[in-house]
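Each remark here refers to the structure printed beneath this line.
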Amino acid sequence: MRTETGIVTAGLFEGSKVVQVTTLVTLNLLDCLGSGVTSESGPITLTIV
Numbered sequence: 038m039r040t041e042t043g044i045v046t047a048g049l050f051e052g053s054k055v056v057q058v059t060t061l062v063t064l065n066l067l068d069c070l071g072s073g074v075t076s077e078s079g080p081i082t083l084t085i086v
């Protein structure tokens with residue numbers, strides 16, 4: 038899981054704090070063999086505080 042924060046710079050919520058939480062799906066270690074992992078995916082939650 039990765040959490041990032043920032044400030045909205047334009048639009049309706051300008052000046053508001055924003056928190057983005059990204060949860061990456063569990064990696065299959067066998068995917069690391071050969072050419073390696075080329076992409077990741079998972080749900081993202083964006084919260085405007």
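First residue of the sequence shown: 38, per my numbering; consecutive thereafter. We treat Cβ as the ideally placed atom computed from N, Cα and C, and that holds for glycine.
Asked, Found
"Cα separation between valine 45 and glycine 73?", "35 Å"
"Below 8 Å on the Cβ atoms is my guess for glutamine 57 versus glutamate 77; work out the distance and round it to an integer in Å.", "Not a contact, Cβ separation roughly 15 Å."
"Which one or two residues does DSSP pair with glutamate 21 in a beta bridge?", "This structure cannot speak to residue 21, because the chain is shown only from 38 to 86."
"Please return the same chain residues whose Cβ sits closer than 7 Å to the Cβ of threonine 60, not counting the five positions on each side in sequence.", "Met38, Gly79 and Pro80"
"In the DSSP output, which residue or residues are listed as bridge partners for valine 56?", "Thr42 and Thr84"
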